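Some notes on the structure that comes next.
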Amino acid sequence: MSEANKEKATAATLPPPPEDQSQRWMKYGANVVLATVIVLVLAGFVIWLAQAQDLKLFGHRFSMRVRPDLTSNASNSLKPQTEAVVKDLPEKITLVSLYPKLKQEERGQKEDTYERVLNVLEQYRSRNPDKVQIEAIDPITEPAKLDAWIGRLKRDYGQNVSAYEDLLKGFPKTLEQIRAVAAGEEKETSKLSQGDIEASLAKLPQEQQEKLVNTVNGAITTVRTFPQILDAINENIKTELDKKIPDYAAGRDMLVSFLSQFSARNRLVSERLAQLRDDKATPPAIAAYAKNSIPGFDEMKRIADETTAKAKALGKLKLEDVRRKLIPADDTEAPPPAIVVMGKEDIRVIDFDSVWKSGDSTGLIGASSEKPRLRFAGEQQITSAMLALSQAKKKKVAFVRDGGPPPTDPRNGPAGLGDIADRLRAYNFEVLEKDISGQWAQQQMQQSMRMGMPPAPEPPDDELKDAVWVVLPGTGSMETGGPSPMMAQKLKQHLEPDDKGKDLAVDAKDPTLVRSAFRKFTADDKGDTLEIAATGAWKAGKYKVTDVREDAAVLDAAPAPAGATGGQWEAVPGSAMCLMTLHGDDLASVLRSYGVEVNTNAIVVHEPIDSASGTSDDFIETARRSPPIFVINQYGDHPITTPLNSLDGVIVPMLPVKKIDAPGANVSLILPVPQQPMSWGETDFDSFQRGRKPTFDKGKDIEGPLWAGAVAEKKGAGKLVVIGSRDWATTSIVRFPDQRLQKQRLEVARFPGNGELFTNSIFWLANQESMIALSPSAMDTSRIAAMSPGALTFWRVGIFLIGLPVAALLCGLFVYQSRRD
Amino acid sequence: MTRATVIARRELSSYFYSPIAYVVMTLFLAVCGFLFFRDFQPGQPAGMRTIFDNMVWLLVVAVPVLCMGLLAQEWASGTIETLMTAPVHETEVVLGKFLGALAFFAVLLTPTLLYVAVLKAYSTMDIGPIFSGYVGIFLVGALFVSIGLFCSSLTRSQVVAAVAAVAILFVLTVAPYLLQLQISSLSPFWRQATDQGVYTRYVDFSKGTIDSGHVVFFLAATAVFLFLTTKILESRRWK
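Residue numbers (the numbering used here), protein chains in the order written: chain A, 85 to 905; chain S, 1085 to 1323.
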């Protein structure tokens, strides 16, 4: 073995030299660093996994996160429906709280609305942090931040304010044009001498005389009276424009409403004058007048139509909500507290009264004299606003009546109907009112002509097409001897519209752009649905109108290849809620085809409960002894009623509703009438009203079990809800507060079920199913009871402030002492 | 595990002989008593949310003071050598110390149950949020104790350990909260980052919601700091 090999062998048998410090640091330190990194990554992964809400694994969605809400009323939880809306938000939403922080001296005196609102907004954000952002601005202590935010609003949403302003400021010019034409017409009229007319009339038969006089009078009235009314409108607009923050939207609505009527009037006069002109029996002087006047009336109609079209094309005034609810009249004042929901293109302001409910703001009667506590009920409003901002078009609800004044005006109808309308507005519905008979509009027009004042606006029929109708059938008058058939006809037309055409054509270049010569698309159609039938290359379906360009609609998908023609379209059926009334129109021609029949000559009653069986101080308990009053907490088996089961509701005098056979109809009866005590449909309600106790007359009365409402759907037609009472959601009992909760200073309706069913029905009819059962059920936590000043001082000072800390200190001293000893 | 329990028991009993523990307890109860004194008035909501919300800020200072001596004192007095030569693993030492301190933290909270009893007597209070508040504050306490223990393992000076722990807790608790007050001007990244703050995670508990995500966060973060403390103790062998 060579020397070199020997050395090698010796070295191999020796133990390795000890590691120096730097080697140990490298070896163990690297191990520690690696282990630490692994632990941190693992911890991060576990945390991420535990809070991930929408995981996907092999095509299955699941969530590891659970959030049990331990509060007794689930007040920390958003409703599942809200969560669904927030999760599916198509675009980013910013929620801004403009609530002031509670000052130290206000604690205990006022509700801490700031904290509560911020908590709720935070819940929204936590459900979809990518799409929901929140901001809080205290308008009192952060004026600079507030000013910057308002500036941002004007920049982002205020583009069409100037267009509104231009329209209103340009109205005097339009008025001048109308007045000039009207003056020309008046000149034409003055050419007709009274003598000529009387001589000509004498030669005509009676019927023709009347026609001629009416037409000429109509023409004269139009050119003399309408410009005066337009002057009055102009004055109103001027006054509005002089205000610091003008109500542009109201000005535009006034213009549209009146100019629409003016246009209709001119069209009518022009048509009648044309008839006179073409009628050979018309005296030559009058025929010449008719011929010369027609262009003038056509011109006035053109001017009115042009201005109306311009006004309608303006779209919604986006900063209107901000103006009305947020900007104080005086610059030195801070804006009132509000929650602002900001979408990409529009904005909604939810004011204080909409979210904080007390006895006053809930419309409850007999609210306590003590200052009521405020209850947060803003979830519905915030979610509705989010939903509205993600919709192209605002949903409408129209209260449709058969004659008489608008019922939601408290001066005209049951007090509660106005509250219901306000509630719907709070859910972002546009509320309209319409007298389907046209009598009210006529009366208003006559009155406005007499007084030279602009008439109250009534929406044209076109605006009602896509609205949910709340039908209030009439009882008719003494003269007519019963209700007019007009309501049933109009309702049928609304639910099963016959608007259709076969002339749909796809643009040669853009396959989503469609035109129809029969149906001109307008800005109002944006957001609507166009139903197309399957023919040839056309694919059947409901297409959404995403935009309108020069009478053509841009659809969300191509219904046929570019250049295709002959597409068949149908109007989308409307939906309605019918609130039936005793001895009123039974709407049988419509309801029967839906498989629903309402007996308008019977009232649901129960056996009278003997008052000797026990007396009660509770007004409600006394009322429910009355035969037509039932307290219920079961509402039937339908998506609009199931969330309400267990909530108290009340059946006020109601008509029995039953199901009948109807081809293609799908009916669910709702509002089951309790069978205990025995109940039936009393046909002799009049004698009951005169004080006679109702008794069941077999063969004459309607035997139970009975129902007081129905929900129906029919193939190819709209949705329908029928309730056997006009006052179901508005009667005074419904607005009576819960006395038990009132003692705790909580103003909550004793029978919330009625109002909830009403709004759920509207949501369902408006195809907003996700909003059903979003009731503000959150109740306040309980409060500390009153106690004697001595007890209060004992606990607060004696125990909490001094007793416990001193006890801990004494324990420490005792230990110290004992250890020293 | 039995050895960890023995260490925990010893640690807990040592607290009862320590004047600093009583001082902390007195101050803690004085501040809580003052907060409850303000809230306990007829007509006010029957809850303990104010106490729970403010307790977190109090613990940012109180827990480091309670935990500063856990290991630092052993380092300073040299008893760490005795402890480490005993047949116990570093993990058991760390767990024992942690459980002992956490048990004392529970003792610290116990007198506040009197508030619950008084509330119960004077209202029909909602027990759910109070229960979840205690669960939350216990989890926060566990995390803070683990951080205090970690800092205590780094140095032989108790004061340095306490200051270091307060600094870490400030970064994890106070700083994200202060940043969130400026939330409108925060970028999405910073908003996400501040959402990981202790107070943001804790506040759901005080409202009455137990979020599994937050529970796991507190448990995982506590485990990470206990792991790091074990590694610090182990490093004694190779440093």
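Glycine included, C-beta positions come from ideal geometry on N, C-alpha and C. Since this is a predicted model, take the numbers as computed values, not measurements.
Q217 of chain A has A:T178 as its beta-bridge partners, per DSSP. Sequence-ordered contacts of the stretch 1281-1300 of chain S with chain A read K1291, G1292, T1293, I1294, D1295, S1296, G1297, V1300 [C-beta pairs closer than 7 Å].
Segment contact: the stretch 666-679 of chain A against the stretch 570-588 of chain A, three or more CB-CB distances shorter than 8 Å; contact assigned. Taking a contact as a CB-CB distance under 8 Å, the pair A589 of chain A and R603 of chain A does not count as one, their CB atoms being some 12 Å apart.
Non-local C-beta neighbours of A646 of chain A in its own chain, meaning closer than 8 Å and more than five positions away in sequence, comprise V590, D591, A592, K593, D594, P595, ordered along the chain. A direct Cα-to-Cα measurement between Q105 of chain A and T120 of chain A gives close to 21 Å. For A1249 of chain S, no CB of chain A lies under 8 Å from its own CB, so it is not counted at the interface with that chain. The alpha-carbon of G1212 of chain S is positioned some 6 Å away from that of G1292 of chain S. The beta-carbon distance between V1149 of chain S and L1233 of chain S, rounded to whole angstroms, is 13 Å. This is too long to meet the 8 Å contact definition.
D768 of chain A: not part of any beta strand (DSSP E); DSSP gives it neither H nor E. Setting aside the 5 residues that flank it on each side, K742 of chain A is surrounded in the same chain by E681, each with a C-beta closer than 6 Å to its C-beta; the list follows chain order.
When the beta-carbon positions are compared, K584 of chain A and E654 of chain A come within less than 8 Å of each other. Within the model, the alpha-carbon separation for L1227 of chain S versus V180 of chain A is close to 34 Å. In summary, no residue of the stretch 168-179 of chain A has a CB separated from any CB of chain S by less than 8 Å.
Ranked by Cα distance from A358 of chain A, the options A:A372, A:I504, A:A348 are led by A:A372. Collapsing the DSSP output to three states places Q652 of chain A in a strand. Residues of the same chain with a CB within less than 8 Å of the CB of S344 of chain A, apart from the 5 flanking positions on each side, are A388, T392, P544 in chain order. DSSP assignment within the stretch 708-781 of chain A yields the following whole alpha helix (DSSP H) runs of 4 residues or more, N-terminal first: 769-773. Within chain S, no residue has its CB atom less than 8 Å from the CB of Y208 of chain A, the nearest being about 14 Å off. Within the same chain, and ignoring the five residues on either side of P184 of chain A in sequence, the residues whose Cβ sits closer than 8 Å to its Cβ are Y198, D222, P223, I224, T225, A418, P421. The Cβ atoms of L516 of chain A and E547 of chain A sit closer than 8 Å to each other. Approximately 7 Å separates the beta-carbon atoms of A1248 of chain S and L1238 of chain S; this is inside 8 Å, confirming the contact. N203 of chain A belongs to the set of residues whose beta carbon lies under 8 Å from a beta carbon in chain S.
With a threshold of 16 other beta carbon atoms within 10 Å, L173 of chain A meets it and is buried. Counting only runs of 3+ residues, no beta strand (DSSP E) is found wholly inside the stretch 1228-1291 of chain S. I520 of chain A places its beta carbon less than 8 Å from that of M570 of chain A. Of all C-beta pairs linking the stretch 302-314 of chain A to the stretch 266-280 of chain A, three or more are shorter than 8 Å, placing the two stretches in contact. At least one CB of chain A lies nearer than 8 Å to the CB of S1319 of chain S. The way I'd put it, the stretch 1116-1126 of chain S doesn't touch the stretch 1215-1226 of chain S; fewer than three beta-carbon pairs between them come closer than 8 Å. Counting of Cβ neighbours within 10 angstroms places T1086 of chain S among the exposed residues, the total staying below 16. Restricting attention to A:I466, A:V433, A:E542, the CA atom closest to the CA of G487 of chain A is found in A:E542. Taking 8 Å as the threshold, the shortest C-beta distance from V130 of chain A to chain S falls below it.
M1152 of chain S places its beta carbon 8 Å or farther from that of I1221 of chain S.
Taking a 10 Å sphere around the C-beta of M470 of chain A, we find 16 or more other C-beta atoms and assign the residue as buried. The beta-bridge partner set that DSSP reports for F483 of chain A consists of A:E517, A:V554.
Contact with chain S is absent for A114 of chain A, since none of that chain's Cβ atoms lies less than 8 Å from the residue's Cβ.
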